[in-house]
Amino acid sequence: MTRSEPARYVGRFAPSPTGPLHFGSLLAAVASFLQASVKQGKWLLRVEDIDPPREQPGADRRIIDALEAYGFEWDGPVTYQSQFEERHKELVQRLLDDAQAYPCSCSRRDLAGARRGALGAIYPGTCRKGSRATEVAIRVRTDDEPIRFLDALQGKQSQRLESESGDFVIKRRDGLIAYHLAVVADDHDQGITEVVRGIDLLDSTPRHIHLQRLLGFASPGFLHIPVAENADGQKLSKLTGATEIDRIAVRPVLVRALAALGQRPARDLADASLDSIWQWAVEHWRPGVMTSQKSIPVDQSTMAEAKNPLS
Ligand code: GLU
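Shown next, in the form of C-alpha cells:
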C-alpha cells in the first residue's frame, strides 16, 4: 500500500516595502516564522512591491537587512511580487473571459454617495452591465452567499460580499494589480498552506477566498494575529508614526515581541544568544494563548528601553 506524504507546511511573510520594519510587522514575521518552524515546514519571504506610489525607495533592503539581523532564515531566494506581474494579468484576463470580472469606469467621485459598510464604500454595481470607457478598473463579481471560514485564532468568520463590500477591484484604473488578486495568485503559486498575518487583514480574507474559488485554487489555512496598537489605539504603521525596530539591540526586542505575542519568556532570556532565544521560542510557541485577542497594546515610547524587556 502506498501512503501519500502529508502535505508539507509552507508559510510566508509578505511585507510591503512602504517603510522599514516596525514592531507591528515584526510580530507578524515572528508568528509566521514560528508557526512554520514548529511544523517543520518552509517559510518564504515575499516582498509585496506592486504599489510603487506607496513604496519607499530602499525599504525592501532595510526590511531584509532587519530580518537578517534578527536571525530569520527563509527558504529559497527572496521573491518580489512584481516578478509575477504577467501571471497576475493573465488571471485578471481569465476572470474577464469567464465573465466573472468586468471593466468599471466609476471614479471616486462617482462612488462618493455609495452606501458605506464596515469595509468602506459598498460598490453599488453601476458598471455590472457594461462600460464603454477606455480608462477603467477591473472589478470582480460577488454574490451574497455567506463566505464562511475558520480562522485558527479568531474562530468562525462569515461575510456576505455583495452586501458588505460589493464587487471589488482586482486591477486598478492606473493599471496596477490590486493586492487582493496578487496575494491570492502568489499564495497559490508558491504553495502556501497557511497564511499567518495581522488581524487588520481578517476582513479581506473572504474576498481572497472568493477569488480562490473563482480561480479553482484551494484556500490555505488562516491565522490572524492581534494587531499592535499604540497608546491611542491606532494600528502601528508608517502613518501612525511607528518607528523602525532597533537593528542593533535585537535580542531584547525579539524577547519583547515574544512577550507581546503572549508567550512567557523568562526575564533573562534577552541575555541569551540569538540562537538560544529562537530555540526557546520554537519550543514554547503556543499561538492559542492569543485566541480571540484583537489587539496588542505597545507603548512605543518604551521601545527604546527594550533592553529591559519585561520590566
Ligand atoms: N503586504 C501586506 C502588508 O504588508 C501583507 C499581506 C499579507 O500578509 O497577506 O500589510
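So for the sequence shown, my numbering puts the first residue at 5; every next one is plus one. Backbone N, C-alpha and C fix where the C-beta goes; we use that ideal spot for every residue, glycine too. Computed from a predicted structure; not experimentally measured.
With burial defined as no fewer than 16 other Cβ atoms inside 10 Å of the residue's Cβ, what is the status of residue i: buried or exposed?
| i | result |
| --- | --- |
| E52 | buried |
| I67 | buried |
| S29 | buried |
| A40 | buried |
| R271 | exposed |
| P224 | buried |
| Q60 | exposed |
| K133 | exposed |
| P57 | exposed |
| S315 | Caution applies to S315, whose pLDDT of 36 falls short of 50 and renders its modelled position unreliable; the value that the coordinates give is listed next. With fewer than 16 other Cβ atoms within 10 Å, it is exposed. |
| V302 | buried |
| I126 | buried |
| D55 | buried |
| S162 | exposed |
| L243 | exposed |
| I175 | Here residue 175 turns out to be Lys, not Ile, going by the sequence shown. That one is buried. |
| E90 | exposed |
| P19 | buried |
| G124 | exposed |
| I252 | exposed |
| P24 | buried |
| L278 | exposed |
| H21 | Per the sequence shown, the amino acid found at residue 21 is Pro instead of His. P21 comes out buried. |
Going by DSSP, what residue range makes up the beta strand (DSSP E) through residue i?
| i | result |
| --- | --- |
| P56 | Run containing P56: none; DSSP gives neither H nor E here. |
| D204 | Note, D204: premise wrong, no beta strand (DSSP E); not H, not E. |
| L154 | 151-155 |
| Y106 | 105-108 |
| E233 | 231-233 |
| K175 | 172-175 |
Can you tell me the Cβ-Cβ gap for residue i and residue j, rounded? I've got them flagged as a contact below 8 Å.
| i | j | result |
| --- | --- | --- |
| V188 | Q216 | 6 Å |
| R211 | F172 | 6 Å |
| C110 | T130 | 5 Å |
| I203 | H228 | 4 Å |
| V96 | A105 | 7 Å |
| Q85 | A186 | 6 Å |
| K46 | D79 | 4 Å |
| V14 | L38 | So it is not a contact: roughly 15 Å between Cβ atoms. |
| H26 | I249 | 6 Å |
Is residue i helix, strand or coil when you go by DSSP?
| i | result |
| --- | --- |
| V140 | coil |
| T247 | coil |
| F226 | strand |
| E94 | helix |
| V257 | helix |
| F17 | strand |
| E89 | helix |
| R132 | coil |
| R12 | coil |
| I213 | helix |
| R120 | strand |
| L100 | helix |
| A270 | coil |
| L265 | coil |
| L218 | helix |
Counting along the chain, where does the alpha helix (DSSP H) carrying residue i start and finish?
| i | result |
| --- | --- |
| A32 | 27-42 |
| V286 | 278-288 |
| S296 | Segment: none, S296 is in no alpha helix (DSSP H) and carries neither H nor E. |
| S167 | 165-168 |
| E72 | 63-73 |
| A189 | 183-193 |
Of all Cβ atoms in chain B, is any one closer than 9 Å to the Cβ of residue i?
| i | result |
| --- | --- |
| E59 | Reference to chain B is not applicable here, since this structure consists of a single protein chain. |
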